[in-house]
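Undergrad: The structure's right below; bear with me while I get my questions together.
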Amino acid sequence: MVSSLSLESFDGQHLSQTEHPENIATYDEGFRDGQEAANLAHQSEQSQLRAKVAESLVDGMFGYEEAQSHFSNGTANYVTAILEQVLPELLAPALNLKVRQLLQDAIERDSTHPFVLRLPPNQIDVFQAVISDLDLSEVVIEADPALTEHAAFFMCGGHETSIDFDALHEAIKHHSKILITPAKEAS
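First residue of the sequence shown: 99, per our numbering; consecutive thereafter.
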């Protein structure tokens, strides 16, 4: 059985659509099937793209958190070393310089009143070496065991000044915890 192939005629005589209704039904079914297949392929492609974007975002977040953790650990080690090793070594010289400056200013301003300087007992000899070139005739240096190692108390003519570098050191250590353990913020 040979099927005949009908080609489009350009001679002006067209076949009407009603002459071959089975062709129209087959065409409509094929068109619908093609549309459904295209929609399914498009949905599948969109799902794959969403999955790839989500995976990239998760990978990016892991990379950011890993970098932040590495940076925080390095910063924490650096800050801890400064707080525990460098800063304590600077406290005694800084205290001696501050008290010396305080004494010099007070002597220049008013030498009519006696000056009383209270220091921790273990710091008196060290401090006296620092101020050996000053005229200390009006200065009374007293040992005060209640003071911390890097503290001083200065009195002159009713004015009192307290210096506590140990408390300052503790405050710096307390506030430096922000640098050591940064808070995570939700985004």
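Glycine included, C-beta positions come from ideal geometry on N, C-alpha and C.
So is Ala-135 buried or exposed if we call it buried at 16+ other beta carbons inside 10 Å?
TA: Here the question's residue 135 lines up with position 37 in the sequence shown. Answer is exposed; the Cβ neighbour count stays below 16.
Undergrad: Within its chain, find whatever has a CB closer than 7 Å to the CB of Ala-249; leave out the 5 residues flanking it on each side and keep chain order.
TA: On the sequence shown, position 151 is the one that residue 249 refers to. The answer, listed in chain order, is Pro-218, Ile-261, Asp-262, Phe-263 and Asp-264.
Undergrad: Kindly indicate which residue of Ile-122, Gln-226, Cys-254 and Ser-142 has the alpha-carbon position closest to the one of Leu-70.
TA: A question about residue 70 goes unanswered here, because the residues of the chain that appear run from 99 up to 285.
Undergrad: Quick one, are the C-beta atoms of Arg-207 and Ile-229 less than 8 Å apart?
TA: Locating residue 207 in the sequence shown gives position 109, counting from the first residue. Locating residue 229 in the sequence shown gives position 131, counting from the first residue. No. Outside cutoff.
Undergrad: Buried or exposed: which applies to Leu-215, given that a residue is buried once 16 or more other Cβ atoms fall within 10 Å of its Cβ?
TA: As a working note, residue 215 is residue 117 in the sequence shown. Burial call: buried.
Undergrad: If we count the other Cβ atoms within 10 Å of its Cβ and call it buried at 16 or more, is His-273 buried or exposed?
TA: As a first step, residue 273 is located in the sequence shown; it is residue number 175 there, counting from the start. By the 10 Å Cβ count, His-273 comes out exposed.
Undergrad: Alpha carbon to alpha carbon, what distance is there between Ser-154 and Ala-190?
TA: Counting from one through the sequence shown, the residue named residue 190 turns up at place 92. Counting from one through the sequence shown, the residue named residue 154 turns up at place 56. Taking the straight line joining both Cα atoms gives about 54 Å.
Undergrad: Kindly list the residues whose CB is nearer than 8 Å to the CB of Ile-278, restricted to its own chain and excluding five residues on each side of it in sequence; keep chain order.
TA: Walking along the sequence shown from the start, residue 278 turns up at place 180. Contacts found: Ser-170, Thr-173, Ala-174, Val-177 and Thr-178.
Undergrad: Looking at C-alpha atoms only, which residue of Asp-203, Glu-236 and Asn-220 is the closest neighbour of Pro-243?
TA: As a first step, residue 243 must be located in the sequence shown, where it is residue number 145. Comparing Cα-Cα distances from Pro-243 to each of Asp-203, Glu-236 and Asn-220, the minimum goes to Asn-220.
Undergrad: On a CA-only basis, which of Ala-241, Leu-193, Gln-133 and Thr-210 is nearest Cys-254? Give me that one, please.
TA: Here residue 254 refers to the residue found at position 156 when the sequence shown is read from its first residue. Selected option, being the one with the closest Cα: Thr-210.
Undergrad: Tell me whether His-211 sits in a helix, a strand or coil according to DSSP, three-state version.
TA: The residue you call residue 211 lines up with position 113 of the sequence shown. His-211 falls in the coil class under three-state DSSP.
Undergrad: Can you look up His-257 in the DSSP assignment and give me helix, strand or coil?
TA: Here the question's residue 257 lines up with position 159 in the sequence shown. In this structure, His-257 counts as strand in the three-state DSSP scheme.
Undergrad: Would DSSP call Glu-240 helix, strand or coil?
TA: Reading the sequence shown from its first residue, position 142 is the one you call residue 240. DSSP places Glu-240 in strand when its eight states are reduced to three.
Undergrad: Provide the residue span of the alpha helix (DSSP H) that contains Glu-268, from first to last.
TA: Numbered from 1 along the sequence shown, position 170 holds the residue referred to as residue 268. Segment 263-278, the alpha helix (DSSP H) holding Glu-268.
Undergrad: In whole angstroms, give me the CA-to-CA distance for Ile-222 and Leu-185.
TA: Here the question's residue 222 lines up with position 124 in the sequence shown. Here the question's residue 185 lines up with position 87 in the sequence shown. Their backbone Cα atoms lie some 21 Å apart in a straight line.
Undergrad: Compute the beta-carbon to beta-carbon distance between Leu-200 and Thr-246, rounded to the nearest angstrom, for a pair I have assumed lies under 8 Å.
TA: Numbered from its first residue, the sequence shown carries residue 200 at position 102. Numbered from its first residue, the sequence shown carries residue 246 at position 148. Their Cβ separation, rounded to whole angstroms, is 17 Å, which puts Leu-200 and Thr-246 out of contact at 8 Å.
Undergrad: With H, G and I counted as helix, E and B as strand and the rest as coil, what does DSSP make of Leu-65?
TA: Here the chain covers residues 99 to 285 and nothing more, so residue 65 does not appear.
Undergrad: Which partner residues of Leu-217 appear in the DSSP bridge assignment?
TA: The residue you call residue 217 lines up with position 119 of the sequence shown. According to DSSP, which records beta bridges pairwise, Leu-217 is partnered with Ala-241.
Undergrad: Classify Leu-193 as buried or exposed, calling it buried when 16 or more other Cβ atoms lie within 10 Å of its own Cβ.
TA: Sequence index remark: in the sequence shown, residue 193 carries index 95 (1-based). By the neighbour-count rule (16 or more Cβ atoms within 10 Å), Leu-193 is buried.
Undergrad: Rounded to a whole number of angstroms, what is the C-alpha to C-alpha distance between Tyr-125 and Ser-142?
TA: Along the sequence shown, one-based indexing puts residue 125 at 27. Along the sequence shown, one-based indexing puts residue 142 at 44. Looking at the two C-alpha atoms, the distance is approximately 26 Å.
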